[in-house]
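One point on numbering: in the UniProt record's numbering, the residue at position 81 of the sequence shown is 81, and numbering is uninterrupted.
In this text, a Cβ means the ideal position worked out from N, Cα and C, and glycines have one as well.
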Amino acid sequence: MGGEKRRENLLKILQESESAVSGTKLATKFQVSRQVIVQDIALLRAKNHDIISTHKGYVLLDKGNIQRVFKVKHSAEKMLDELNLIVDCGGKVEDVFVYHKLYGVIRVEMNIKSRMDAKRYVDGIKGGVSVPLEQITSEYHYHTVTADSVETLNIIQDQLDKQGYLVALRDYEPVDFWSNTEVES
């Protein structure tokens, strides 16, 4: 099978998958090395396919979903509650990021779409030696959340606000984090 056909099939597998697909599984299926899969993913990304890498494998983000960034603050003990609130309202937590005045945006993929995903994530944080990213910014952090409608995002926003998690942006914070990741002095 040629490279172009393999990438078409790889994209189809990611489109049809309900969960992340590991590079090893893809390499085995196509009888190529993992490095070839990594290169194929890079080529697909270059063609504007929104593929992310997670600790479980590759995920094709659904372009049909609508997204919103929420700035939130809470203690480490409330992390699971916050994530559950978002998924219970119909959202998917794509990432967590912090905005640091000196370092700019520091971002980590999450891909949390269920209570089980949220529990695994929180258990992983508690079981490791690392601390949550938001600890470098006094618990202030952001989540990119996707949902199937603006109404769902509005419900999530209302619930985050009711629970006291939602925080207003400061004057120095950019509105569009991805086009302005550097801080001017």
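Task: CA-to-CA distance, M1 to A76, given in whole angstroms - done: Sequence index remark: in the sequence shown, residue 76 carries index 76 (1-based). Sequence index remark: in the sequence shown, residue 1 carries index 1 (1-based). Cα to Cα, the separation comes out at about 49 Å.
- [ ] Name the two residues that bound the continuous alpha helix (DSSP H) containing K25.
- [x] Within the sequence shown, the letter at position 25 stands for residue 25. Start and end: G23 to F30.
Task: Cα-Cα separation, residue 239 to R120 - done: Residue 239 lies beyond the range of the chain shown here (1 to 185); nothing can be said about it.
Open item on the list: Just to confirm, is the Cβ distance from Q67 to T152 under 8 Å?
Closed with: Along the sequence shown, one-based indexing puts residue 67 at 67. Along the sequence shown, one-based indexing puts residue 152 at 152. Taking 8 Å as the Cβ cut-off, Q67 and T152 do not qualify as a contacting pair.
- [ ] Could you pull the start and end residues of the beta strand (DSSP E) that G104 belongs to?
- [x] Along the sequence shown, read from residue 1 onward, the residue named residue 104 stands at position 104. G104 to I112 is the extent of the beta strand (DSSP E) around G104.
Open item on the list: If you reduce the DSSP assignment to three classes, tell me which class L166 lands in.
Closed with: Your numbering for residue 166 matches position 166 in the sequence shown. DSSP places L166 in strand when its eight states are reduced to three.
TODO: Return the bridge partner residues of E83 from the DSSP annotation.
DONE: Locating residue 83 in the sequence shown gives position 83, counting from the first residue. Looking at the sequence provided, one finds Leu at residue 83 rather than Glu. Per DSSP, none; premise fails for L83.
Open item on the list: My assumption, with CB atoms under 8 Å, is that L85 sits in contact with Q15. Please give the rounded CB distance.
Closed with: What you label residue 85 is simply residue 85 of the sequence shown in a count that begins at 1. What you label residue 15 is simply residue 15 of the sequence shown in a count that begins at 1. Not confirmed; about 29 Å, so no contact.
Task: Neighbourhood of Y165 by C-beta distance below 6 Å, restricted to the same chain and skipping five residues each side - done: Locating residue 165 in the sequence shown gives position 165, where the first residue counts as 1. The residues are V72, H74 and E82.
Task: DSSP beta-bridge partners of G57 - done: Working through the sequence shown from its first residue, we reach residue 57 at position 57. Its beta-bridge partners are T54.
Open item on the list: Assuming I37 and G23 are in contact, meaning their beta carbons sit under 8 Å apart, how far apart are those beta carbons, in whole angstroms?
Closed with: Walking along the sequence shown from the start, residue 37 turns up at place 37. Walking along the sequence shown from the start, residue 23 turns up at place 23. That belief holds up - the Cβ atoms of I37 and G23 are roughly 5 Å apart, short of 8 Å.
TODO: Identify whether D148 lies in helix, strand or coil by the three-state DSSP scheme.
DONE: Looking up residue 148 in the sequence shown gives position 148. If DSSP states are grouped into helix, strand and coil, D148 belongs with coil.
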